[in-house]
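Here's the structure we're looking at; comments come further down.
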Amino acid sequence: MPLDEKSATGTMFARIWDAPVRLFHWLLVALLAFSWWSGEQHEMEWHRLSGYGILALLIFRIYWGFVGGRTARFAQFLRGPRAAFAYAKSIAKGPYAAAPGHNPIGGWSVMLMLATLAAMVVAGLFAVDVDGLESGPLADYVSFDQGRAAANIHGFVFNLLLALVALHVLAILFYLVRLRHNLIGPMIHGRRAVSGNDPVEDLRASPSKAMLGIVIAGICTYVIAQGFRL
Amino acid sequence: MNPPRAFKITHISVLSTMVAALTMAGTLAAAPAAAPSPQAAVTARQAGYKKMGGAMKALNEQLKSDAPAKDVMVGAARTLATTAREQPRLFPAGSGPTAGVHTDALPDIWTDRATFDAQMGKLIAETGKLLTITNGGDVAAIRAQAKATGATCSGCHRQFRADS
Chain A
69 MPLDEKSATG TMFARIWDAP VRLFHWLLVA LLAFSWWSGE QHEMEWHRLS
119 GYGILALLIF RIYWGFVGGR TARFAQFLRG PRAAFAYAKS IAKGPYAAAP
169 GHNPIGGWSV MLMLATLAAM VVAGLFAVDV DGLESGPLAD YVSFDQGRAA
219 ANIHGFVFNL LLALVALHVL AILFYLVRLR HNLIGPMIHG RRAVSGNDPV
269 EDLRASPSKA MLGIVIAGIC TYVIAQGFRL
Chain B
5 MNPPRAFKIT HISVLSTMVA ALTMAGTLAA APAAAPSPQA AVTARQAGYK
55 KMGGAMKALN EQLKSDAPAK DVMVGAARTL ATTAREQPRL FPAGSGPTAG
105 VHTDALPDIW TDRATFDAQM GKLIAETGKL LTITNGGDVA AIRAQAKATG
155 ATCSGCHRQF RADS
């Protein structure tokens, strides 16, 4: 059991979230807030740039879901409905035992949020404003009416995403208040307290693979932002 | 073979056609001759604005490209200038959000009609200027005037259109 450090009180800590996962999470929070604000203010140049940032994050996260640290991989946290039900039952019965990464329900929550985010970003790429003045980088490929439909979908999916984020925050509060388990700290510093009979495997996140992912995400985003016209 | 039933169907369809014709005649008789009905006005002005939005999109796409096609730009500018002239009469009294029809037009259009009409006048002037400049073919000048025209659109929308 690879434990990173031992605090003065003798509690042992294990890493459960790698740095790219945590950076992805908090950059996404910041860019979503900024996108909302710039959209409301009709600051469309900023809104587009912010959207490109989210697109790059999304591409990186999908890549990282295949080659990232143990807890970042889709194969690790995507479980069937039976596992999700079993987990819900174990929560109701108690005592609570923390999952070594995303739990079976949290994994579905992550996938749902990523899919919703992807739908919002793709719709935004084709969106056109009501005056035909501002548009996403791929709006040239669609008609004005289709672009307007994309803009409406973009707005609707954002509300859907807000609902999922609210659910996400409520779940975290439930863990904090009812189960007395802090999920926020580990998403900031990456570590969680563990006891001796709670084995947590090493993350094995590769910095060079992370670098490669950043390059891939950057290139893909640039090409899309140019409307595939290079 | 079932002749009585066939006859019945024909009978009903003749009857319903007659009823429909009578209803239509009644509607036509009741409708005022000149001003469009609120719903017709909303439908017509929305169609007009969509045409203008599409033209503006087409124009901006050309201005973004490395080699703007003049004929496309002139076509778009003509659509903008022509359609702009048709829009003012499509806001008759009663065609606001109170009419029970779906519209993003704000009530201020009818309570502050002078300002609205001035904005409409500005739209006609700017789109007319845009057509003239586009015919001239100077891309930098077209770009500047397209921006000015767009500012007229969004300026009026901020004031008189519900932000959705």
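Sequences listed follow chains A and B, in order.
Per this note's numbering: the first sequence = residues 69 to 298.
Per this note's numbering: the second sequence = residues 5 to 168.
Here a beta-carbon is modelled for each residue, glycine too, at the ideal position from N, C-alpha and C.
May I have the straight-line CA-CA distance separating residue i from residue j, to the nearest angstrom?
i                      : j                      : result
residue 191 of chain A : residue 221 of chain A : 6 Å
residue 249 of chain A : residue 85 of chain A  : 16 Å
residue 186 of chain A : residue 171 of chain A : 22 Å
residue 146 of chain B : residue 134 of chain B : 7 Å
residue 138 of chain A : residue 290 of chain A : 29 Å
residue 115 of chain A : residue 106 of chain A : 5 Å
residue 297 of chain A : residue 194 of chain A : 15 Å
residue 259 of chain A : residue 165 of chain A : 16 Å
residue 294 of chain A : residue 95 of chain A  : 23 Å
residue 238 of chain A : residue 198 of chain A : 36 Å
residue 212 of chain A : residue 219 of chain A : 10 Å
residue 70 of chain B  : residue 150 of chain A : 56 Å
residue 111 of chain B : residue 117 of chain B : 10 Å
residue 113 of chain A : residue 122 of chain A : 15 Å
residue 136 of chain A : residue 254 of chain A : 17 Å
Kindly indicate the opening and closing residues of the alpha helix (DSSP H) around residue i.
i                      : result
residue 262 of chain A : Per DSSP, residue 262 of chain A belongs to no alpha helix (DSSP H); it is in the beta strand (DSSP E), 259–262.
residue 150 of chain B : 143–164
residue 202 of chain A : First-last for residue 202 of chain A: undefined, no H or E at that position.
residue 243 of chain A : 212–245
residue 86 of chain B  : 74–90
residue 140 of chain A : Segment: none, residue 140 of chain A is in no alpha helix (DSSP H) and carries neither H nor E.
residue 71 of chain B  : Looking at the DSSP string, residue 71 of chain B is not in any alpha helix (DSSP H), and its letter there is neither H nor E.
residue 102 of chain B : Premise fails: residue 102 of chain B is in no alpha helix (DSSP H) and is neither H nor E.
residue 121 of chain B : 117–140
Output, in chain order, the set of chain B residues within a Cβ distance shorter than 7 Å of residue i.
i                      : result
residue 23 of chain A  : The requested residue 23 of chain A does not occur in the structure, where chain A is confined to residues 69 to 298.
residue 174 of chain A : Residues of chain B passing the Cβ test: none, with the nearest at roughly 35 Å.
Residue i by DSSP, collapsed to three states: which one?
i                      : result
residue 194 of chain A : helix
residue 33 of chain B  : Note that residue 33 of chain B scores a pLDDT of 43, beneath 50, so its modelled location is shaky; the value from the coordinates is reported in the next line. If DSSP states are grouped into helix, strand and coil, residue 33 of chain B belongs with the helices.
residue 83 of chain A  : strand
residue 158 of chain A : helix
residue 62 of chain B  : helix
residue 97 of chain B  : coil
residue 167 of chain A : coil
residue 109 of chain B : strand
residue 111 of chain A : coil
residue 296 of chain A : coil
residue 250 of chain A : coil
residue 57 of chain B  : helix
residue 172 of chain A : helix
residue 268 of chain A : coil
residue 148 of chain A : coil
residue 275 of chain A : helix
residue 88 of chain A  : helix
residue 208 of chain A : helix
residue 41 of chain B  : coil
How about residue i and residue j: are their beta carbons less than 8 Å apart?
i                      : j                      : result
residue 205 of chain A : residue 268 of chain A : no
residue 48 of chain B  : residue 42 of chain B  : no
residue 226 of chain A : residue 188 of chain A : yes
residue 77 of chain B  : residue 91 of chain B  : no
residue 140 of chain A : residue 262 of chain A : no
residue 132 of chain A : residue 152 of chain A : no
residue 61 of chain B  : residue 215 of chain A : yes
residue 178 of chain A : residue 145 of chain A : yes
residue 138 of chain B : residue 81 of chain B  : yes
residue 140 of chain B : residue 85 of chain B  : no
residue 99 of chain B  : residue 201 of chain A : no
residue 256 of chain A : residue 147 of chain A : no
Taking residue i as the query, report the chain B residues whose CB atoms sit under 9 Å from its CB, ordered along the chain.
i                      : result
residue 212 of chain A : 54, 55, 57, 58, 59, 60, 61, 62
What does residue i reach in chain B if we use C-beta pairs closer than 8 Å?
i                      : result
residue 118 of chain A : None at all; the shortest Cβ gap to chain B is about 19 Å.
residue 215 of chain A : 61
What residues from chain A crowd round residue i, counting only those whose CB sits closer than 9 Å?
i                      : result
residue 65 of chain B  : 203, 207, 208
residue 161 of chain B : 198, 199
Please list, in chain order, the chain A residues whose beta carbon lies closer than 7 Å to that of residue i.
i                      : result
residue 154 of chain B : 199, 201
Could you name the residues of chain A that residue i contacts, counting a contact when the two beta carbons are closer than 8 Å?
i                      : result
residue 190 of chain B : Absent from the model: residue 190 of chain B. The displayed extent of chain B is 5 to 168, so no value can be given.
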